[in-house]
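Going by this note's numbering, the sequence shown wraps up at 924, each residue one higher than the last. Positions of the beta carbon are idealized from the N, C-alpha and C atoms, including for glycine.
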Amino acid sequence: MTKEVGVKKKYLAIAVATLSSTDLAFSAEVSQAQRAEKIEITGSNIKRLNRETQAPVQVIRREEIKQTGANTLRQLLDTISAADLSAISDVNSGKSFASGASGLALRGMGKRATLTLVNGRRISHYALADGAKENFVNIDTIPTEVIDRVEILKDGASAIYGSDAIAGVVNIITRKTYSGLSATASAQHGVDRNVGAQHTATVTAGTGDLAKDGYNVFGHLDLYRREGYTQADILGAYPDWHTTYVNPALRQPHSTSYPGNLFDPANGVARQPMYNCPAAQVIDGACKIYLNEQIEIISPAKRVNVHSGARFTFNPDLRGFGELSYSRTQNTYRLEPYAFRSAMAPAKWLNGLTGEINSMDYPTLAVGNPANPYTFPVGIEYRFMDDVSLFKRDVTSNQYRLLAGLEGSVGKWDWNAAVGRVGADTDSSERGSPSARELTRLITSGEYRIGERNSDEVLARLFPHIGMTGNTYQNFVDGKISGEIMDLPAGPLAIALGFDLREESLKISSSENVQRAEIVNRGGFTVDGRRQLSALFAELNIPVVKNLEVSAAARYDKAGANDRISPKVGFRFHPVRNLLLRGTYAEGFRAPNIPEQMAQGGLTGRFHRQEDPRRCATATEIRNALRTGNATDINDANLAFNSGCNVEIPVIITANPAIQPETSTSKSLGFVFEPNRHFSLAADYFTIERKNEIRNRLPPYVLKNEGKPNFETALDRQAISAMDLYFAQRASQLTGQSYTWDVGQVQRMSLQYENLFRTRVSGIDIDADSRFNLASIGRVGVGLEATYMIKHQTYDVEANKWQANLIGRYAYPRLRATLKTSLTRGPWSTSLRFHYMAGTTLYSLYDENSYNLDGCAKKGYPAQYCKIGSDLRTDLTVTYSGFKNLTAGINVFNLLGRDSPVDMRNGFIYRDREVKLAMGYEF
């Protein structure tokens with residue numbers, strides 16, 4: 002029989018007395034026998050009898066984790082209302098600098114403002130930085146099956162944990178002990194199209210009883226696999242609104258194809274198929290090809306996670322512990338086969354080491370090339386599809402955590418100390434972007450044979466291996482002691498003191514050919530830094546009068562040349578037995594990370610999907626005109642539109658050794674009401690203001706302020722291109738109207754990390770829970786977890802004022818909520834969850850005129866689609882434990898089969914009804 006060991010009966014009594022998933026229980030409800038066990042809650046270093054502290058802490062217990070049906074930690078945390086769903090995910094991060102990982106963000110303040118811990122201590126950052134600047138924890142390396150509970154502190158906590166704890170702290174508490182052997186397995190598939198399958202398998206084994214044997218050692222193995230799928234797999238699911246307004250060419254073939262087209266209007270050559278284009282591909286006088294099978298929607302992934310722990314009891318006052326974890330994640334991202342058109346504007350990208358602009362004219366077919374039937378060089382439209390399998394990115398990451406420590410007690414004092422190392426390495430390797438030199442040489446010379454299967458040697462020269470590697474580690478020693486200094490009339494005065502010493506190293510490097518800017522349109526990045534971090538902290542819990550406690554904490558952190566003192570105060574007050582009032586005030590900080598301060602050269606890359614305000618209106622008019630033409634014109638319509646309203650901008654962003662830490666102030670005020678043991682309600686108002694934010698200026702902001710003071714050197718534009726002129730000329734032929742571009746496309750944006758920005762957010766967290774027994778039905782539970790956002794504003798440093806409130810605008814919903822219901826009767830357990838997200842406008846901060854009703858009308862969007870509707874998703878879980886040692890369950894995600902809301906900016910997001918079958922066996 003499998004069992005948890007080493008847990009005192011008194012602790013179990015507290016757990017039984019806790020009626021809600023958020024631990025809304027008062028010390029007045031705990032019996033004298035239960036009060037002997039002190040516990041430590043996330044957000045405080047002082048052990049206490051009462052689980053409810055001054056700051057709100059949401060607790061997701063093992064039972065609830067099972068009810069969500071989450072296969073991964075990211076899937077679990079996406080269900081909480083404070084989580085930011087836009088944080089990076091390994092599912093679709095193939096174009097990110099930090100491909101292959103998933104992050105976590107709270108309150109819409111980004112990954113860097115949320116601290117992720119495992120058992121109260123930091124874990125390694127991912128070895129690559131998102132956007133080449135954001136360090137974050139890859140939560141894909143933490144298996145859900147080994148988690149005992151997740152504690153989410155929705156409050157600033159730099160006074161307790163140091164840097165990064167601005168928006169909150171997520172503390173993953175794993176099993177401490179385990180004895181026996183168990184295994185689980187699950188399979189999840191889509192119902193309508195059977196795509197995106199997920200499979201898991203786990204084994205957990207342990208031996209030893211702390212109480213009897215004085216030790217316990219256990220290990221856990223977790224395997225995860227996700228199948229990927231492409232646009233072709235779900236093509237029939239795309240609704241009419243997407244194919245009519247967002248992407249009319251979705252089911253149309255592309256003219257930039259294989260084996261391609263000849264195209265040279267300057268010499269009177271209209272678009273015509275390549276001589277070896279199959280007849281079936283000749284459509285509207287051009288050689289075309291369907292690309293749906295090459296456009297990836299969800300990427301495949303494999304993960305192996307290992308977690309082990311050991312605990313030893315030397316005597317009642319001295320214990321030892323150790324943890325060892327290892328994770329290996331593998332992701333493969335399919336890339337679209339590279340394509341070009343000779344008449345395109347020259348490719349321009351930046352050399353990160355020199356800051357110089359590299360340029361390449363797209364090649365033409367020389368006279369004498371077997372694919373050129375003319376007596377003059379001719380342009381070509383071409384996609385390299387003689388071997389589509391080489392166009393992919395493989396990302397492999399290894400992460401580890403090793404620590405050993407001692408803990409014990411001396412009189413009324415408890416102490417804990419540990420030493421350890423955490424680290425990660427990542428290799429991101431791909432083929433898919435061409436060598437500038439070889440592309441020109443091989444096409445011009447004819448060595449690359451157009452429309453044929455070329456040799457591996459030629460393809461290796463044309464598409465060399467490129468990529469990025471990263472390695473990071475932290476060595477640490479920490480310790481703390483807590484206890485009671487003296488007895489006051491209202492109770493004991495408690496204190497905690499501690500220290501934290503760490504050494505951090507980070508190395509990230511693009512491949513040498515990328516650093517030398519040899520690869521078309523690819524940005525490079527290099528950083529090699531090391532620094533020492535140290536901290537001292539103290540915390541007091543003061544019983545002022547009966548039923549009123551005040552806490553005070555402070556922490557001094559030093560990170561390299563930057564240091565900071567972070568204070569925090571809080572109170573908890575029982576005016577009556579069933580009502581708790583609480584509040585906090587905290588100051589926080591985030592130290593500049595190694596990429597922001599120590600990167601060598603500059604980060605080069607491209608901003609995607611940007612709207613150029615000086616070109617978008619003309620691009621939209623030309624697109625609408627071209628849509629009245631033939632199929633080729635319709636394809637060109639998207640190209641014309643993208644050249645002004647969906648542009649890519651080459652950028653260089655340089656590090657700044659002089660930047661200072663980000664700082665913040667956060668406040669919370671709330672109550673917990675528990676009229677009886679069956680019901681509890683908590684509501685907490687919060688506000689956070691972050692100052693001195695380290696960021697580069699955002700592209701929409703720079704584009705909007707082009708030509709103004711302080712922006713004179715931020716943008717460089719090229720001349721109006723031949724393709725621009727062609728689109729305008731063809732649009733005029735179709736409509737008889739004149740179209741004129743005012744400026745050419747942006748060829749370079751130059752930025753630097755700065756302490757310029759500020760953000761403030763506010764809202765209300767609501768947590769209600771009710772549990773009761775109905776003899777004829779069973780044990781019933783009903784809960785509500787919600788976040789109502791009031792404000793999210795950023796500061797305009799040029800205008801010296803706060804900008805418009807983003808709440809209710811695109812990507813900033815006012816309300817997220819989950820209604821949780823459960824019923825347990827005998828061996829059967831059923832859970833039904835309703836996940837709600839409020840709708841928003843279609844416009845964000847800088848583009849209101851483009852996506853308000855007038856802007857939508859100009860784009861041809863119907864008024865009913867000029868917004869994002871509310872979303873409601875329903876999940877069902879049923880489990881049965883009536884078999885000996887065996888538990889079986891079924892989850893149905895998106896039970897009602899609802900599509901995602903209409904989104905004219907981001908397009909259709911496929912969401913199937915999915916079924917998961919799971920089994921667990923205890924040997």
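query	result
Whole-number beta carbon distance between Tyr383 and Ala348, since they are thought to touch under 8 Å	With 8 Å as the limit, Ala348 and Tyr383 do not qualify as a contact, their Cβ atoms being about 14 Å apart.
Backbone CA spacing between Lys96 and Ser644 [nearest angstrom]	20 Å
Exposure label - Ile66; buried when at least 16 CB within 10 Å	buried
contact_flag[the segment 540–559, the segment 516–529] where n(CB pairs < 8 Å) is 3 or more	no
Separation of Asn93 from Val648, as counted between CA atoms	20 Å
7 Å Cβ cutoff met for Gly104 and Phe137	yes
Distance CB(Ser429)-CB(Ser100) smaller than 7 Å	yes
Proximity below 7 Å, CB of Tyr837 to CB of Ala858	no
Straight-line Cα distance separating Phe909 from Tyr239	7 Å
Local conformation of Pro658 per DSSP, three classes	coil
C-beta contact flag for Asp387 and Asn455 at 7 Å	yes
Best match in Gly163, Val171, Ala88 for proximity to Gln59 [C-alpha to C-alpha]	Val171
Residue nearest to Asp395 in terms of C-alpha spacing, selected from Ala84, Asn594, Lys303, Ala250	Lys303
Thr714 classed as buried or exposed, judged by whether at least 16 other C-beta atoms fall within 10 angstroms	exposed
Any 3 or more C-beta pairs closer than 8 Å across the segment 556–572 and the segment 137–147	no
DSSP state of Val744 mapped onto helix, strand, coil	coil
Span of the alpha helix (DSSP H), counted from its first residue to its last, around Gln76	74–78
According to DSSP, residues forming a beta bridge with Asn472	Asp426, Lys508
Selection from Ala641, Pro274, Glu294, Glu694 that minimises the alpha carbon distance to Leu251	Glu294
DSSP-derived helix/strand/coil call for Ala459	Before going further, note that residue 459 is Val rather than Ala in the sequence given. The answer is helix: DSSP assigns Val459 an H, G or I state.
According to DSSP, residues forming a beta bridge with Leu502	Val478, Ser535
Cβ contact (3+ pairs, closer than 8 Å) linking the segment 174–188 and the segment 202–211	yes
Nearest to Ile721 (by Cα), restricted to the options Tyr740, Asn711, Pro710, Thr736	Tyr740
Whole-angstrom C-beta distance between Ile296 and Thr231, which should lie under 8 Å	6 Å
According to DSSP, residues forming a beta bridge with Met750	Val652, Leu716
Backbone CA spacing between Gly584 and Asp685 [nearest angstrom]	8 Å
Residue from Arg123, Asn262, Gln533 with nearest C-alpha to Gly452	Asn262
Tyr162: first and last residue of the uninterrupted alpha helix (DSSP H) it sits in	159–162
Helix, strand or coil at Asp241 according to DSSP, with G and I counted as helix	helix
Exposure label - Asp848; buried when at least 16 CB within 10 Å	buried
For Phe884 and Phe500, the rounded distance between their alpha carbons	50 Å
Sub-7 Å separation of Ala160 and Arg556 beta-carbons	yes
Simplified DSSP state of Phe728, which is helix, strand or coil	helix
Within 7 Å, strictly: CB atoms of Pro249 and Ile284	no
Residue span of the beta strand (DSSP E) that contains Tyr702, given as start and end	No beta strand (DSSP E) holds Tyr702; the alpha helix (DSSP H) holding it covers 700–705.
Other residues of its chain near Glu550: CB distance less than 7 Å, five sequence neighbours each side excluded	Asn542, Ile543, Pro544, Phe572, Arg573
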